[in-house]
Amino acid sequence: MNDATSSSLSSSPLSDVLPNPSQAAVNKASQVQEMFDRIAGTYDTLNDWISMGFHKQWKRLACQKLYLPMGGKALDVCTGTGDLIAYLLPLVGEHGEVAGLDFSENMLLCARKRYQNQPNVFLTQGDALALPYPDNTFDAAIISFGLRNVTDIPQALAEMHRVIKPGGWMVNLDTCPTPMLPGMRFYFSRIMPLIGGALAKDAQAYQYLSESTRHFLSPSQLKRAFEDAGCIQVTSQTLMLGSVSLQAGQKPI
Numbered sequence: 475m476n477d478a479t480s481s482s483l484s485s486s487p488l489s490d491v492l493p494n495p496s497q498a499a500v501n502k503a504s505q506v507q508e509m510f511d512r513i514a515g516t517y518d519t520l521n522d523w524i525s526m527g528f529h530k531q532w533k534r535l536a537c538q539k540l541y542l543p544m545g546g547k548a549l550d551v552c553t554g555t556g557d558l559i560a561y562l563l564p565l566v567g568e569h570g571e572v573a574g575l576d577f578s579e580n581m582l583l584c585a586r587k588r589y590q591n592q593p594n595v596f597l598t599q600g601d602a603l604a605l606p607y608p609d610n611t612f613d614a615a616i617i618s619f620g621l622r623n624v625t626d627i628p629q630a631l632a633e634m635h636r637v638i639k640p641g642g643w644m645v646n647l648d649t650c651p652t653p654m655l656p657g658m659r660f661y662f663s664r665i666m667p668l669i670g671g672a673l674a675k676d677a678q679a680y681q682y683l684s685e686s687t688r689h690f691l692s693p694s695q696l697k698r699a700f701e702d703a704g705c706i707q708v709t710s711q712t713l714m715l716g717s718v719s720l721q722a723g724q725k726p727i
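For the sequence shown, our numbering assigns the number 475 to the initial residue and increments by one for each residue that follows.
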């Protein structure tokens with residue numbers, strides 16, 4: 475892993491690189507939701523194959539950046555099948571709570587099966603752009619490999635900031651459009667869709683995941699987006715030679 479604090483954004487306003495909601499964005503949201511409904515059953519297996527198992531280390535590190543107190547309340551936005559919740563539960567303990575939200579009902583079905591005997595896990599179908607929680611509800615919030623799929627990144631980050639308590643932390647973990655690892659662009663664009671086609675019978679979905687990475691924000695732009703959302707002490711680092719990036723920021727007290 476190669477950790478480095480990201481450089482500041484260029485002089486271009488962040489609004490210039492962040493698309494505004496439009497009918498095209500609405501169409502994208504519907505298409506992405508349908509895609510995740512299709513691949514829900516094989517999503518976890520594909521994550522293991524595509525990341526060569528490294529996603530578990532990245533998620534564990536990302537959850538540590540939340541500085542969760544024992545007995546605290548955590549939110550996992552775009553929880554998908556809920557695999558990241560497994561890393562949050564030991565941090566909040568048996569008296570804490572973890573909420574998971576996703577717009578794909580099929581992904582949530584997998585999560586509900588996984589945590590059907592876990593009374594302190596609460597799963598909700600909902601929109602990352604309009605979180606169904608009151609202000610200052612959670613001690614921390616995280617989004618993992620989901621931010622590049624939303625249609626309005628500033629709004630998603632603003633919503634995460636809104637629902638965490640003053641002093642709480644929010645974290646993003648996602649793929650990076652500028653990997654330094656040799657051959658990684660070729661892997662994302664050519665090999666990943668082949669794996670998706672072979673194991674999930676859905677090469678189109680994994681072609682989208684490759685393209686969404688290529689068009690995603692850089693680590694420095696994400697750092698700026700966290701600051702624009704109102705966070706302080708924002709840090710940004712890259713993992714796996716720039717293949718993945720992680721941002722963390724605190725809500726002012």
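By construction, the Cβ of each residue, glycine as well, lies at the ideal position given by its N, Cα and C atoms.
8 angstroms contact criterion, which residue i and residue j should meet: CB distance rounded
{"i": "isoleucine 638", "j": "phenylalanine 619", "result": "Going by Cβ atoms, the distance from isoleucine 638 to phenylalanine 619 rounds to 20 angstroms, so no, they are not a contact pair."}
{"i": "valine 624", "j": "leucine 603", "result": "6 angstroms"}
{"i": "proline 653", "j": "leucine 715", "result": "7 angstroms"}
{"i": "lysine 725", "j": "valine 708", "result": "Not a contact, Cβ separation roughly 11 angstroms."}
{"i": "isoleucine 559", "j": "glycine 574", "result": "6 angstroms"}
{"i": "isoleucine 617", "j": "valine 566", "result": "Their Cβ separation, rounded to whole angstroms, is 17 angstroms, which puts isoleucine 617 and valine 566 out of contact at 8 angstroms."}
Proximity winner among the options, relative to residue i (alpha-carbon distances)
{"i": "glycine 570", "options": "Asn594, Gly556, Gln707, Asp576", "result": "Asn594"}
{"i": "lysine 756", "options": "Leu562, Met509, Val551, Gly545", "result": "The first residue shown for the chain is 475 and the last is 727, placing residue 756 beyond what the model contains."}
{"i": "glutamate 685", "options": "Gly704, Cys705, Pro651", "result": "Pro651"}
{"i": "glycine 723", "options": "Arg512, Trp643, Ala699, Leu713", "result": "Trp643"}
Backbone secondary structure at residue i - three-state DSSP
{"i": "alanine 536", "result": "helix"}
{"i": "isoleucine 617", "result": "strand"}
{"i": "lysine 725", "result": "coil"}
{"i": "threonine 687", "result": "helix"}
{"i": "aspartate 601", "result": "coil"}
{"i": "proline 495", "result": "Unreliable placement is indicated for proline 495, whose pLDDT of 48 sits below 50; no coordinate value is reported for it."}
{"i": "leucine 631", "result": "helix"}
{"i": "methionine 714", "result": "coil"}
{"i": "proline 640", "result": "strand"}
{"i": "aspartate 511", "result": "helix"}
{"i": "alanine 548", "result": "strand"}
{"i": "leucine 720", "result": "strand"}
{"i": "phenylalanine 612", "result": "strand"}
{"i": "phenylalanine 700", "result": "helix"}
{"i": "valine 506", "result": "helix"}
{"i": "aspartate 518", "result": "helix"}
Sub-8 angstroms separation of residue i and residue j beta-carbons
{"i": "leucine 535", "j": "leucine 720", "result": "yes"}
{"i": "threonine 555", "j": "arginine 622", "result": "no"}
{"i": "leucine 605", "j": "glutamate 633", "result": "yes"}
{"i": "proline 693", "j": "serine 717", "result": "no"}
{"i": "aspartate 609", "j": "arginine 636", "result": "yes"}
| Quick one: complete beta strand (DSSP E) runs, 3+ long, within the segment 558 to 594? | Runs of the beta strand (DSSP E) inside the segment 558 to 594: 571 to 576.
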